[in-house]
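Trainee: Chains as they are written, first to last, in this note's numbering: chain E, -10 to 437; chain G, -10 to 437. Just so it is clear, CB atoms sit at the ideal spot from N, CA and C, and this is done for glycine as well.
2 protein chains.
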Amino acid sequence: MKCSIPKGTRDFLPAEMARRNYIFDTIREVFKAFAFEPIETPSLENLSTLMGKYGEEGDKLLFKVLNSGDFMDGVDFNQDYRKVAPKICERGLRYDLTVPFARFVVQHRDQISFPFRRYQLQPVWRADRPQKGRYREFYQCDADMIGSTSLLHELELVQMIDAVFQKLDIEVTVKINNRKVLAGIAEHIGAPDKLVDITVAIDKLDKIGLGNVRKELQERGLADDQIAALDPVFNLSGDANAKLEQLSVLFANNEVGTKGVEELKELFGYISQVQPKCHIELDLTLARGLNYYTGAIFEVKAHNVSIGSICGGGRYDNLTGIFGMPDVSGVGISFGADRIYDVLTELDKFPATLGQSAQVLFINFGADTMPYCIRQAAQLRAAGISTLIYPDSAKMKKQMDFANKSHIPYVVFVGESEIADGTVTVKDMAAGTQQTLSMNDLLVMLQK
Amino acid sequence: MKCSIPKGTRDFLPAEMARRNYIFDTIREVFKAFAFEPIETPSLENLSTLMGKYGEEGDKLLFKVLNSGDFMDGVDFNQDYRKVAPKICERGLRYDLTVPFARFVVQHRDQISFPFRRYQLQPVWRADRPQKGRYREFYQCDADMIGSTSLLHELELVQMIDAVFQKLDIEVTVKINNRKVLAGIAEHIGAPDKLVDITVAIDKLDKIGLGNVRKELQERGLADDQIAALDPVFNLSGDANAKLEQLSVLFANNEVGTKGVEELKELFGYISQVQPKCHIELDLTLARGLNYYTGAIFEVKAHNVSIGSICGGGRYDNLTGIFGMPDVSGVGISFGADRIYDVLTELDKFPATLGQSAQVLFINFGADTMPYCIRQAAQLRAAGISTLIYPDSAKMKKQMDFANKSHIPYVVFVGESEIADGTVTVKDMAAGTQQTLSMNDLLVMLQK
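In structure tokens, the structure reads:
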């Protein structure tokens, strides 16, 4: 029988688990310092909760779970498979953490005090074509604050991004924009209906250059004078504050644009109070999740690696509207654990001591010394020190090979004299030195 | 639109998460002290990996995931739904952690050093009829050691059970038996082929009494003299060692029975070295997982509550055989987190301080004092202290109500004088007292 797992899924061995937990623990620690509270939602949601929330493409990528029992009973199979699927599957696997969170807020509104901030670290599933860095099962690490429009919340997201990547020792740039500024630009050039076309095109500025952006705008049906009217936006200069001043002038009679600039000014003002270590950039070409976000938008890229965005988020004004609870404004971010893993690997920034399991191995010299070893090992374990007794009285070489292969730093030998004296002989595997100690002294040494 | 989740699944709110994490963290801490290493396997497995591993009933309870794309292509729907299901579903949701672990060991045999000990805390899914305490998605907490037949491993399981329930402050009894002793009993009464019938019947001794057990044995086809031959087993007296001595005599010419008794003697000998706090009991009527276990078996029950087994496990000699890797002996246990949750709730043993999120709330008096508040809050957060700034300059009463409702122990007030002096005024919400402190003094107070 061949052993394999479904395409796009992964087993995690202990060394990978240690690295992944290092990322999750770091993110969780920061979420907690900012007083976010954990929640979990079921892996299985009713398909009616999920369908239609991620666009037509998303509906296709939902994993659907076959109904139990006679799923065929009363179903007409002489129709398109897309019509049959919802008849034989009432449930699907979670596709992201956002829609389940919206459902959660509406369902538990009476048990939550607003403003409510939650974090959620759980896997999601997408029937996407697997490829390098893209999986069918992967974790999302989301933090959201809902029930307030205060821009202090946007500041907190920036602080959290800064704290996470400082702790992980990754240099990053946080790009910030505001959806209202993008709307203001579309209005400014007299093409408010072309907002999506404009943002899709100028989003490519870095990659294809200004000439090609202009060409694309033309192809997307913008008039030459409209495209020319974009020039002042491309020609903004100076730091974020200087750019925002120039935009203020440009947006003199432009309500939505002015609102966007004011929000960005307030946010950048707050940010200046906390002096983040990461690089902060006002990027007017940043467009992410246009149909979804309504205010500030964020995207984080790591320096010195060519890996895409490792964190992103923004303000949405109507998350729970789809479930019949309107006017709940929120703002949130999502850390991409798999990409952060790739960045840390490429930059060789994982701490060297991660994933060490046993700290101490007792060599097994057979039944005579075992009772003594069992008692001493129990003492170490009670003190939280990860301790092994080699299970069989195998040859010394085999036991030492195991210690080496498992990177166990201390090996303990117990013979008649140790038992008589109430001591243990400990070998420091890295230094190659050996000493005989009381259990108290060993405990003190190991707890250092 | 009605918000709901599938039957048998659950949302976990922050208070429940805190309690669940208390259980998971306790178990994980003990697993780590015994040098178990974490692994994770995918939620989705190939159905071929899962089918036929849990009996006919288990096959029915597997959640099957519909193939992506045109799942109907080439499938004949004019047959029984049980035949159609595997044609339209190649994958299923994990049903337990044991079969995926066996698959993992075989698949990664070259990356693992044996003896290998892993722990795994992940959800599993079963399409069981939901009822009180039985869910369709629930966590299992498993620890297994494979690649050695040493009974030191059985001892370690007992030590871990003892440590977990001591830390959780739950009084428990660990019942221990050995599958070989059960086989020995069947052989002793001349009915080795009736092993299952005998164990099923005597497993009920506690509930239905000796008379009814005898009746059931009769119904299950045992002869009167065979049933009478069981009497010495029911009449064993004294502590575990005394009972084992009596069994030794009974099993004088009984190889498998003698082996079982020897294993139990060795294990009880080891246990006497570590003097566990929990109650340990040799229970010859304990039968669990008969088709699966081959040596020691364990079951844990909590005192003073009528909740079933909260932990169980045993020795299996051929876990990976189903995947073509024979002769790998292992031993493991599984903690039932949901039942442990119920026990802690019923005994009121959850620590009172669990689930407190924010430790400090800065009252929002508007834009003038905000920059100062932002800077001071950043200091607390950098020190890992969970800190909130109320996002809006709402009425004082509303902000204080929020603090009370959220059980935040300290509320900070900042006005002109605090800013001038570089201090904060802190109200201890429980004591009702208020004092003005430097940030350093506040930090010291909060880190106590």
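Check the Cβ of valine 35/E against every Cβ in chain G and list those closer than 8 Å, keeping chain order.
Mentor: Note on identity: in this sequence residue 35/E is asparagine, with valine being the wrong assignment. Here the neighbours are Ser(-7), Ile(-6), Pro(-5).
Trainee: Mapping DSSP to helix, strand and coil, what is glutamate 46/E?
Mentor: helix
Trainee: Would a C-beta distance cut-off of 8 Å place cysteine -8/G and valine 95/E closer than the cut-off?
Mentor: yes
Trainee: So which of Arg17/E, Pro181/E, Ala116/E has the shortest CA-CA distance to leucine 110/E?
Mentor: Checking every option, the nearest Cα to that of leucine 110/E belongs to Arg17/E.
Trainee: Ends of the alpha helix (DSSP H) at tyrosine 147/E?
Mentor: First, the amino acid is wrong: residue 147/E is valine here, not tyrosine. DSSP places valine 147/E inside the alpha helix (DSSP H), whose first and last residues are 141 to 156.
Trainee: Can you tell me whether valine 238/E is helix, strand or coil according to DSSP?
Mentor: helix
Trainee: Residues of chain B with CB closer than 8 Å to the CB of glycine 411/E, please, in chain order.
Mentor: Absence of chain B from the displayed structure is noted, the protein chains being E and G.
Trainee: If the criterion is Cβ atoms closer than 8 Å, does the pair leucine 233/G and leucine 211/G meet it?
Mentor: Going by C-beta atoms, leucine 233/G is not nearer than 8 Å to leucine 211/G.
Trainee: Identify whether alanine 4/E lies in helix, strand or coil by the three-state DSSP scheme.
Mentor: helix
Trainee: What's the call for valine 433/E, buried or exposed, on a 16-neighbour Cβ count within 10 Å?
Mentor: exposed
Trainee: Using 8 Å as the threshold, is the C-beta distance between glutamate 145/G and methionine 6/E below it?
Mentor: no
Trainee: Beta carbon of valine 349/E, beta carbon of leucine 435/E: below 8 Å?
Mentor: yes
Trainee: If we cut at 8 Å on Cβ distances, does serine 237/G have a partner in chain E?
Mentor: no
Trainee: For a contact meaning CB atoms closer than 7 Å, what does alanine 175/G contact in chain E?
Mentor: By Cβ distance, chain E contributes nothing, its closest Cβ being about 30 Å from alanine 175/G, past 7 Å.
Trainee: Check this for me: beta carbons of methionine 134/G and glycine 319/G, under 8 Å apart or not?
Mentor: Yes, the pair counts as a contact, with Cβ atoms nearer than the cut-off.
Trainee: Do the CB positions of leucine 219/E and valine 170/E come within less than 8 Å of each other?
Mentor: In this structure, leucine 219/E lies away from valine 170/E, with their beta-carbon atoms at least 8 Å apart.
Trainee: What in chain E is Cβ-close to aspartate 381/G, meaning under 7 Å?
Mentor: Ser137, Ser139
Trainee: Going along the chain, which unbroken runs of the alpha helix (DSSP H) with 4 or more residues stay wholly within the region 149 to 231 of chain G?
Mentor: DSSP runs (the alpha helix (DSSP H)) wholly in the region 149 to 231 of chain G: 168 to 177, 184 to 191, 194 to 208, 213 to 217, 220 to 223.
Trainee: What residues in the region 54 to 80 of chain E have a beta carbon less than 7 Å from any beta carbon of chain G?
Mentor: From the region 54 to 80 of chain E, only Val54, Leu55, Ser57, Asp59, Phe60, Met61, Phe66, Tyr70, Val73, Ala74, Cys78, Arg80 have a Cβ closer than 7 Å to chain G.
Trainee: With C-beta atoms as the reference, is alanine 285/G less than 8 Å away from asparagine 429/G?
Mentor: no
Trainee: Taking 8 Å as the cut-off, decide whether the C-beta atoms of aspartate 0/G and histidine 97/E are in contact.
Mentor: Against a cut-off of 8 Å, the Cβ pair of histidine 97/E and aspartate 0/G comes out as a contact.
Trainee: Mind checking if lysine 394/E is an interface residue toward chain G, Cβ cutoff 8 Å exclusive?
Mentor: With 8 Å as the cut-off, lysine 394/E counts as an interface residue toward chain G.
Trainee: Can you pull the chain E neighbours of isoleucine 28/G, defined as C-beta to C-beta under 8 Å?
Mentor: Asp0, Phe1, Leu2, Pro3, Met6
Trainee: Rounded to a whole number of angstroms, what is the C-alpha to C-alpha distance between tyrosine 108/E and valine 289/E?
Mentor: 19 Å
Trainee: Name, in chain order, the residues that DSSP records as bridge partners for asparagine 35/G.
Mentor: Bridge partners of asparagine 35/G according to DSSP: Arg80/G.
Trainee: With burial defined as no fewer than 16 other Cβ atoms inside 10 Å of the residue's Cβ, what is the status of asparagine 439/G: buried or exposed?
Mentor: No answer is possible for residue 439/G: it lies beyond the span of chain G, which begins at -10 and ends at 437.
Trainee: Considering only the beta carbon of each residue, do valine 294/E and leucine 343/E sit closer than 8 Å?
Mentor: no
Trainee: Report yes if the CB atom of tyrosine 11/E is closer than 8 Å to the CB atom of leucine 51/E, and no otherwise.
Mentor: no
Trainee: Of the residues that make up the region 257 to 275 of chain G, which ones have a beta carbon closer than 7 Å to any beta carbon in chain E?
Mentor: Tyr259, Gln262, Val263
Trainee: How about threonine 15/G: is its C-beta nearer than 8 Å to some C-beta of chain E?
Mentor: no
Trainee: Whose C-beta lies closer than 7 Å to the C-beta of valine 202/G among residues of the same chain, with five residues either side of it excluded?
Mentor: Ala190, Ile191, Lys193, Leu194
Trainee: Going along chain G, which residues have a C-beta under 9 Å from lysine 21/E?
Mentor: Ser346, Gly373, Ser375
Trainee: Are the region 351 to 367 of chain G and the region 118 to 136 of chain E in contact at 8 Å, needing three or more beta carbon pairs?
Mentor: no
Trainee: Would isoleucine 286/E pass as an interface residue toward chain G - the criterion being a Cβ-Cβ separation below 8 Å?
Mentor: No, because no Cβ of chain G sits closer than 8 Å to the Cβ of isoleucine 286/E.
Trainee: Listed from N- to C-terminal order along the chain, which residues in the region 113 to 126 of chain E have their beta-carbon within a distance smaller than 7 Å of any beta-carbon of chain G?
Mentor: Ala116, Glu126
Trainee: Between the alpha carbons of alanine 241/G and glycine 44/G, how many angstroms are there, rounded?
Mentor: Between the alpha carbons of alanine 241/G and glycine 44/G lies a distance of about 36 Å.
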